[in-house]
Structure formats: C-alpha cells, structure tokens
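Just so we're aligned: the sequence shown equals residues 48 to 358 in the numbering used here.
Take a look at the structure below.
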Amino acid sequence: MRAPAGTENERLRWGVYLPTLDAFRQGTPPLVEAARRAEELDFDTAWAGDHLVFHPPLLESMCALSAAAAVTSRIRLGVGVLLLPLRDVVWAAKQLTTVNALAPGRLTLGVGIGGENPEEFAAAGVPVRERGRRLDEALEILPDLLTGKPVDHCGPLLSVHSPGLEPAPASPPPLYVGGRSDAAMERVARHGDGWLAMWHRPDTVAARRRALAARAAELGRPEPSTTMLVFVNVADREDTAREEAAAMLWGQYRLRFDTVERYTLFGPAVRVAERLAAYREAGVTEFALHPAAPDPLAQYEAYAKVRELLD
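Here's what the structure looks like:
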C-alpha cells in the first residue's frame, strides 16, 4: 500500500495504549504484563491516557508509565494526553522528568485540555472554563521546567517560582498536542512536534495537516507530524468486534456507539488494515491503537498482524 506524498522515506510507526482504564470493570488492568508484551511485539510506543476522575476505575498515568519504565528497555513511553490544566505545572514537570530518568530518552509528552468530565476539574479545584488558558500559559514555561532551568513566572492564571529541577534532560521530550478545536490546532502549530488526532475521518486529517503546515510555516516552525489515536477491535466476526467496541466506549466515555462508529475500526484484520491505510494516505505517520475489547493483550497480537499487512 503506497505511502502518502512527502512521506515515502518516513517509516510508519505503531503504538498501543496500555490498559489503564477499566472500562469493562474486570479489576486492576494488566498494565505491567501489557507493557512487557508491547515491547516484545516490537511496537514503537506504549501510551497511557490521563484522567483524575472518569467513568470507569483508572490508574494514574505517571505512576503507570513509571511501572512500564521498570519492565521495559526499548519502547517509547507516551502520555496522551496529559491533562496539564488539572495539575500544578511544577509537580507535573517533576513527574515527567522522573519518568524520563527511569526511561532515558524514551518519553513522549502529549498534552490536552480535557473537559469531558467536569467532575475531575472540580475535584482538582480548577475552573473548567479556564482549562484552555491554563494550558497555553503552562506550555510557555514547561520547556524550561523540563530541562532544569529556574522559572520565575507571574501570569494571569499561573504563578510559578521554581529553582531548576534535577535530574533533568538536556532537551525536553517530544511534545504532541491533542484536540479538535481551532484553539487546539493553534497550540499544535505554535508548540507541538506532533498532533495527536482523534475521531477524525481521513479527509479531515489531510485538510487539517495542510492547515497545520501552513500555520507552522507562518510561525517559522517545522510541520508537526500526525499521530492518529484509533479505537480498534480486531476479530474474525465483525458483529462480535462491534459489540465489544460499543461496550468499551460506553464503559469508558458513556458514548452511544452510533455517535463514534464511523471513527472506530472493528472486524477482520484485513478490513482494519484497509481503513488504517486510508489514514496513512492522509499523512498519518504514527498510529496509537487503543484496544476496544476486554482482552487488550489479545488485541496487541492482532495489531501485530495488521501491521504486517501495512508494512
């Protein structure tokens, strides 16, 4: 299957989401086993989602990535997306530099504003209406915090007076920005090394990539790459795959399946590969596949077979 124009020499990268949310309420997710298996299957990135309070039980993302760091040695570890507006930015930087120290050079930072569950903002004592402005302000000072520089910042929403944090890397981890709004796309162009896209059709991804490239050029920045987060259930029986995917998305997001079915990939490996190929044609250079099934490790095995069909 042909790569999109301009990306012929860029290897398609494959990531999987670690089981940190218990959408099927089966008990503590098999996080450590999943991290090990993702590396054994030679995936490029193991991602963790981030919430404080959500519909299902969940593991905290930085703790989860620390556990994954302890049992892996090669795979990149990504948080996608860290709800930075919920967090004290200095504490968040300390957590991130800790993960980086445990997994040197393997951290990828994705950020976003969240807002799907206002209860978690109330629990954190953060006005949900301020989340976008808080993220914009945090992104101005986060690179210095992540690289051990002192920060003295008095902003409209954030007041930060911090000495340099140690240990710290010489350069910050790659920054991906998630979101669908115009404000999110401006953050990608202004700050991001990559865009973490979600719930878009391939044609929409292609159009937004073009707009991002143009805006980044205006800002004197390189074009951000595009990573696509996709909920996937690979199974021989399409009806079974659809049923499990619907149950997962309801358990995790309280979403009726008909509202997101067109963005969800389910069914035999060949069909899933065909739909992923359309995203690659649209310019996606990395997939972040989220198991939409009660057995995430079995899905990892199936994703490896899908990868063989596209590589």
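Beta carbons: idealized from backbone N, C-alpha and C, even for Gly.
Alpha-carbon spacing of residue i relative to residue j, whole angstroms
i: L105; j: N164; result: 14 Å
i: R289; j: D283; result: 11 Å
i: F101; j: A169; result: 12 Å
i: I160; j: D97; result: 11 Å
i: V198; j: R178; result: 21 Å
i: D250; j: E328; result: 9 Å
i: P51; j: E57; result: Caution is warranted here: a pLDDT of 39 is assigned to P51, below 50, making its placement in the model unreliable, and the coordinate value is therefore given only provisionally. P51 and E57: Cα-Cα distance of roughly 10 Å.
i: A116; j: E80; result: 12 Å
i: R60; j: V146; result: 22 Å
i: T75; j: C110; result: 14 Å
i: A185; j: P338; result: 31 Å
i: V353; j: G202; result: 47 Å
i: S120; j: R303; result: 39 Å
i: D135; j: A316; result: 42 Å
i: E166; j: L99; result: 9 Å
i: A82; j: E348; result: 13 Å
i: L296; j: P77; result: 19 Å
i: A230; j: L323; result: 27 Å
i: R268; j: R123; result: 24 Å
i: E55; j: S209; result: Any reading at E55 must be qualified, since the residue scores a pLDDT of 45, below 50, and its modelled position is unreliable; the value itself is stated next. Approximately 44 Å, taken between the alpha carbons.
i: D286; j: V252; result: 28 Å
i: L344; j: R318; result: 20 Å
i: L88; j: H200; result: 44 Å
Contact under 8 Å by Cβ, residue i with residue j
i: A335; j: T92; result: yes
i: D183; j: R227; result: no
i: V281; j: V207; result: no
i: A320; j: L356; result: yes
i: A261; j: P271; result: no
i: P132; j: V173; result: yes
i: L149; j: S108; result: no
i: L154; j: A139; result: no
i: R181; j: L204; result: yes
i: G314; j: F71; result: no
i: G157; j: V175; result: no
i: W242; j: L259; result: yes
i: T144; j: P214; result: yes
i: Q73; j: P341; result: yes
i: R232; j: R255; result: Just to set this straight, residue 232 is Met in the shown sequence, not Arg. Cβ atoms of M232 and R255: closer than 8 Å.
Reduced DSSP category for residue i - H, G, I as helix; E, B as strand; rest coil
i: W242; result: strand
i: Q346; result: helix
i: D250; result: helix
i: S120; result: coil
i: V100; result: coil
i: E57; result: coil
i: N280; result: strand
i: T67; result: coil
i: T274; result: strand
i: M351; result: The question names Met, but residue 351 in the sequence shown is Ala. Helix at A351.
i: A6; result: One cannot answer for residue 6 here, as it falls past the ends of the chain, which runs 48 to 358.
i: L105; result: strand
i: L78; result: helix
i: L266; result: coil
i: L129; result: strand
Of the listed residues the options, nearest to residue i (C-alpha basis)
i: A293; options: I188, T311 and P77; result: T311
i: R84; options: P221, R301 and Y350; result: Y350
i: R257; options: L88, G267 and G330; result: G330
i: W94; options: A115, V126, P338 and L154; result: V126
i: G225; options: R237, S218 and E86; result: R237
i: V277; options: P103, L259, A253 and E333; result: E333
i: A152; options: L193, R176, A185 and I188; result: The sequence given here has Gly at residue 152, not Ala. Answer by Cα proximity: L193.
i: V63; options: P216, G239, A215 and T274; result: T274
i: L222; options: E348, R318 and P190; result: P190
i: L266; options: V279, Y300, A217 and G239; result: G239
i: P103; options: P343, E308, R309 and R301; result: R301
i: D358; options: F90, P216 and E86; result: F90
Within-8 Å CB hit, residue i to chain C
i: L356; result: Judged by its chain identifiers, the structure shown contains no chain C, having just a single protein chain.
Residue i Cβ short of 7 Å to the ligand NAD heavy atom set
i: A185; result: For the ligand NAD, the structure offers nothing, since it holds no ligand at all.
Entirely within the segment 293-341 and at least 3 residues each: give me those beta strand (DSSP E) ranges in chain order. You should have 312-314 and 333-338.
Would you mind listing the beta strand (DSSP E) stretches within the segment 189-239 that are 3+ residues and don't spill past its ends, in chain order? If we require 3 residues or more, the beta strand (DSSP E) runs fully inside the segment 189-239 come out as 198-201, 206-209 and 222-225.
What are the uninterrupted segments assigned as alpha helix (DSSP H) that are 4 or more residues long and contained completely in the segment 150-185, given in chain order? Contiguous alpha helix (DSSP H) elements confined to the segment 150-185 occur at 165-171, taking only those with 4 or more residues.
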